[in-house]
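Sequences listed follow chains L and P, in order. Positions 287 to 556 (the numbering used here) are the ones given, in order, by the first sequence. Positions 196 to 269 (the numbering used here) are the ones given, in order, by the second sequence. The block underneath contains the structure these notes are about, expressed in structure tokens.
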Amino acid sequence: MEEPFVKTEIRKDENIVYKRTNLLVDRPLSYCPGCGHGVVHRMLMETLQEMDIQDKTIGVSPVGCSVLAYDFMNIDMLGAAHGRAPALATAIKRLWPHKFVFTYQGDGDLAAIGTAETIHACNRGENFTIIFINNGIYGMTGGQMAPTTLPGMRSSTSPYGRDVQTMGHPLKITELIANLPGVYYVTRQAVHTPNHVRKTKKAIRKALEQQKENKGIAFIEVVSNCNSGWKMTPVQSNKWMEENMFPFYPLGDIKVDGKLVEKKETVVKE
Amino acid sequence: MAKIKGDILVNVERCKGCEVCIAACPSSTIAMSKEVNGKGYHFAMKVNNDCTGCMNCAIVCPDGVITVFRGKVE
Numbered sequence: 287m288e289e290p291f292v293k294t295e296i297r298k299d300e301n302i303v304y305k306r307t308n309l310l311v312d313r314p315l316s317y318c319p320g321c322g323h324g325v326v327h328r329m330l331m332e333t334l335q336e337m338d339i340q341d342k343t344i345g346v347s348p349v350g351c352s353v354l355a356y357d358f359m360n361i362d363m364l365g366a367a368h369g370r371a372p373a374l375a376t377a378i379k380r381l382w383p384h385k386f387v388f389t390y391q392g393d394g395d396l397a398a399i400g401t402a403e404t405i406h407a408c409n410r411g412e413n414f415t416i417i418f419i420n421n422g423i424y425g426m427t428g429g430q431m432a433p434t435t436l437p438g439m440r441s442s443t444s445p446y447g448r449d450v451q452t453m454g455h456p457l458k459i460t461e462l463i464a465n466l467p468g469v470y471y472v473t474r475q476a477v478h479t480p481n482h483v484r485k486t487k488k489a490i491r492k493a494l495e496q497q498k499e500n501k502g503i504a505f506i507e508v509v510s511n512c513n514s515g516w517k518m519t520p521v522q523s524n525k526w527m528e529e530n531m532f533p534f535y536p537l538g539d540i541k542v543d544g545k546l547v548e549k550k551e552t553v554v555k556e
Numbered sequence: 196m197a198k199i200k201g202d203i204l205v206n207v208e209r210c211k212g213c214e215v216c217i218a219a220c221p222s223s224t225i226a227m228s229k230e231v232n233g234k235g236y237h238f239a240m241k242v243n244n245d246c247t248g249c250m251n252c253a254i255v256c257p258d259g260v261i262t263v264f265r266g267k268v269e
């Protein structure tokens, strides 16, 4: 097919300002179109590339949509049993304290089956980074209700909306673990607009830099969409996320340098 | 006077047609094609010459299919 509007005088190698990082393996990602996982993967790999720690990083992949994260990230990775990524990361970091260790988990993995491991690893003050992708649903298994599902939100196991009387309240695990003494840095970000993506990248950079100082866990929650699970188009789901997820999960830093942040950043619509 | 202009190159076979880049583009340079790629997705393509090379589309693209160029033109 003929490509229209090509500017051959600009399209030269020396003019490249942005390109997919080569720390991501050159194969198509297995995620649905519009899924936030791809962006977080890329920002994480770009951060590692900027810090030049590709050979010093060990990642732990979870069970969930991102179970195949080790197929896409060109670094050393291990796959953990469901929810047990913080336990595995604890062992790795204690055996190789000079390595950079991160876990990459979804809400079904971190906030449901792995709650105990997460809370204990955070309370012990292990020195690794947790990246937590929260889409309020079990995306991989078909959109069932998760602990993070909003009140009134429809999922395949709560087709009339989550009723807090019978199904319980959503779990704000990020606020919960922010109160633990072993946690050094807690933040909540999103990846649906360029501004939010840049902020997320800065948060990842900060979290990885802090591993050198041995101060405790850095916890980054990324509120993401799940357009397949929510039964929307990607653009619609991003809008729905802004309108419904952000009032309940407000973005911004929750704990910085071991101190809880008093004033929370309000959601700015773009 | 030299002007700064941008250009994008879309990896057509990797594009999944999620349209997130269209919402992110400030100069409405991107639209979906009428054709489909090998996997049956409509892919992103340039529809005008207003690209400034701001990289917004490339940063939000979940699959990282967009390469951005920026340079001076006389």
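Note that the Cβ used here is the ideal one computed from N, Cα and C, for glycine as well.
(request) Using three-state DSSP, classify Arg474 of chain L as helix, strand or coil. (result) In the first sequence, the residue the question calls residue 474 of chain L occupies position 188. It is a strand residue.
(message) Can you tell me whether Val231 of chain P is helix, strand or coil according to DSSP?
(response) Stepping through the second sequence from its first residue, residue 231 of chain P is reached at position 36. In the three-state DSSP reduction, Val231 of chain P falls in the strand class (E or B).
(request) Give the range of the alpha helix (DSSP H) segment to which Tyr356 of chain L is assigned. (result) Counting from one through the first sequence, the residue named residue 356 of chain L turns up at place 70. Per DSSP, Tyr356 of chain L belongs to the alpha helix (DSSP H) from Ala355 to Phe358.
(message) Using 8 angstroms as the cut-off, can you tell me whether the region 216–226 of chain P makes contact with the region 237–257 of chain P, which would need three or more C-beta pairs spanning the two stretches below that distance?
(response) Taking 8 angstroms as the limit for Cβ pairs, the verdict is that the region 237–257 of chain P does touch the region 216–226 of chain P.
(message) Can you tell me whether Pro257 of chain P is buried or exposed? The criterion is at least 16 other CB atoms within 10 Å of its CB, across all chains shown.
(response) Here residue 257 of chain P refers to the residue found at position 62 of the second sequence. Here Pro257 of chain P is buried, its C-beta having at least 16 other C-beta atoms within 10 Å.
(request) Starting from the beta carbon of Val268 of chain P, find every residue of chain L whose beta carbon is closer than 8 angstroms, and list them in chain order. (result) The count along the second sequence starts at 1 and reaches residue 268 of chain P at position 73. Simply Lys293, Glu295 and Ile296.
(request) Could you check the C-alpha separation between Gly320 of chain L and Ile423 of chain L for me, to the nearest Å? (result) The residue you call residue 320 of chain L lines up with position 34 of the first sequence. The residue you call residue 423 of chain L lines up with position 137 of the first sequence. Rounded to the nearest angstrom, the gap between the Cα atoms of Gly320 of chain L and Ile423 of chain L is 16 angstroms.
(request) Put Met403 of chain L into one of helix, strand or coil per three-state DSSP. (result) The residue given as residue 403 of chain L occupies position 117 in the first sequence. The sequence shown places Glu at residue 403 of chain L, not Met. Residue state, collapsed to three classes: helix.
(message) Just to confirm, is the Cβ distance from Val509 of chain L to Ala476 of chain L under 8 angstroms?
(response) Sequence index remark: in the first sequence, residue 509 of chain L carries index 223 (1-based). Sequence index remark: in the first sequence, residue 476 of chain L carries index 190 (1-based). Yes, the pair counts as a contact, with Cβ atoms nearer than the cut-off.
(request) Alpha carbon to alpha carbon, how far is Ile463 of chain L from Ala432 of chain L? Give it in angstroms, no decimals. (result) Residue numbering aside, residue 432 of chain L sits at position 146 when the first sequence is read from its first letter. Residue numbering aside, residue 463 of chain L sits at position 177 when the first sequence is read from its first letter. Computed Cα separation, rounded: 18 angstroms.
(request) Measure from the alpha carbon of Pro536 of chain L to the alpha carbon of each residue in L:Met527, L:Gly447 and L:Gly369, then state which is nearest. (result) Counting from one through the first sequence, the residue named residue 536 of chain L turns up at place 250. L:Met527 is the residue among L:Met527, L:Gly447 and L:Gly369 whose C-alpha sits nearest the C-alpha of Pro536 of chain L.
(message) Counting only Cβ-Cβ distances shorter than 9 angstroms, please list the residues of the region 241–265 of chain P near chain L, keeping chain order.
(response) Per Cβ criterion, the list reads Lys241, Val242, Asn243, Asn244, Cys246, Gly248, Cys249, Met250, Asn251, Cys252, Ala253, Ile254, Val255, Cys256, Pro257, Asp258, Gly259, Val260, Ile261, Thr262, Val263, Phe264 and Arg265.
(request) Quick one: which residues of the region 300–313 of chain L get their C-beta closer than 7 angstroms to a C-beta of chain P? List them in chain order. (result) Those residues of the region 300–313 of chain L that come within reach of chain P (Cβ to Cβ, closer than 7 angstroms) are Asn301, Ile302, Val303, Tyr304, Lys305, Arg306 and Leu310.
(message) Suppose the cutoff is 8 angstroms on Cβ atoms and the five residues either side in sequence are ignored; what does the same chain contact list for Cys246 of chain P look like?
(response) Residue numbering aside, residue 246 of chain P sits at position 51 when the second sequence is read from its first letter. Excluding its 5 nearest sequence neighbours in each direction, Cys246 of chain P has C-beta neighbours in its own chain below 8 angstroms: Lys200, Gly201, Asp202, Ile203, Ser222 and Thr224, listed in chain order.
(request) Determine the burial state of Leu494 of chain L: buried for a count of at least 16 other Cβ atoms within 10 Å of its Cβ, exposed for fewer. (result) As a working mapping, residue 494 of chain L is identified with position 208 in the first sequence. By the C-beta density criterion, Leu494 of chain L is buried, having at least 16 other C-beta atoms within 10 angstroms.
(request) Could you name the residues of the same chain whose beta carbon sits closer than 8 angstroms to that of Ile540 of chain L, not counting the 5 residues immediately before and after it, in chain order? (result) As a first step, residue 540 of chain L is located in the first sequence; it is residue number 254 there, counting from the start. Within the same chain, and ignoring the five residues on either side of Ile540 of chain L in sequence, the residues whose Cβ sits closer than 8 angstroms to its Cβ are Thr460, Glu461, Ala464, Val472, Thr473, Arg474, Leu546, Val547 and Lys550.
(request) Can you check the region 298–380 of chain L for any alpha helix (DSSP H) of at least 4 residues that lies completely inside it and give the ranges in chain order? (result) Listed in chain order, they are 322–337 and 355–358.
(request) Using the Cα positions of Arg380 of chain L and Cys351 of chain L, report the straight-line distance between them to the nearest angstrom. (result) Counting from 1 along the first sequence, the entry for residue 380 of chain L is found at position 94. Counting from 1 along the first sequence, the entry for residue 351 of chain L is found at position 65. One C-alpha to the other measures close to 28 angstroms.
(request) Helix, strand or coil for Arg484 of chain L, going by three-state DSSP, please let me know. (result) Here residue 484 of chain L refers to the residue found at position 198 when the first sequence is read from its first residue. Of the three classes helix, strand and coil, the one that applies to Arg484 of chain L here is helix, per DSSP.
(message) Tell me which residues share the same chain as Glu336 of chain L and place their Cβ nearer than 7 angstroms to its Cβ, disregarding the 5 neighbours each side in the sequence.
(response) As a first step, residue 336 of chain L is located in the first sequence; it is residue number 50 there, counting from the start. Cβ within range, chain order: n/a, list empty.
(request) Determine the DSSP secondary structure at Ile491 of chain L, reduced to helix, strand or coil. (result) Residue 491 of chain L sits at position 205 when you count from the first residue of the first sequence. The sequence given here has Arg at residue 491 of chain L, not Ile. DSSP places Arg491 of chain L in helix when its eight states are reduced to three.
(message) Distance check for Ile261 of chain P and Cys252 of chain P, CA to CA, integer angstroms please.
(response) Counting from 1 along the second sequence, the entry for residue 252 of chain P is found at position 57. Counting from 1 along the second sequence, the entry for residue 261 of chain P is found at position 66. Linking Cys252 of chain P to Ile261 of chain P through their CA atoms gives a straight-line distance of about 7 angstroms.
(message) Within a Cβ cutoff of 7 angstroms, which residues of the same chain sit near Glu403 of chain L, ignoring the five residues on either side of it in sequence?
(response) Position 117 of the first sequence, counted from the first residue, corresponds to residue 403 of chain L. Gly369, Arg370, Pro372 and Ala373, listed in sequence order.
(message) Rounded to the nearest angstrom, what separates Ala218 of chain P and Val521 of chain L at their Cα positions?
(response) Residue mapping note: residue 218 of chain P aligns to position 23 of the second sequence, counting from 1. Residue mapping note: residue 521 of chain L aligns to position 235 of the first sequence, counting from 1. The straight-line gap separating the alpha-carbon atoms of Ala218 of chain P and Val521 of chain L is approximately 7 angstroms.
(request) May I ask you to list, following chain order, the residues of the region 355–385 of chain L that have a beta carbon less than 8 angstroms from some beta carbon of chain P? (result) If the cut-off is 8 angstroms between Cβ atoms, the region 355–385 of chain L has nothing near chain P.
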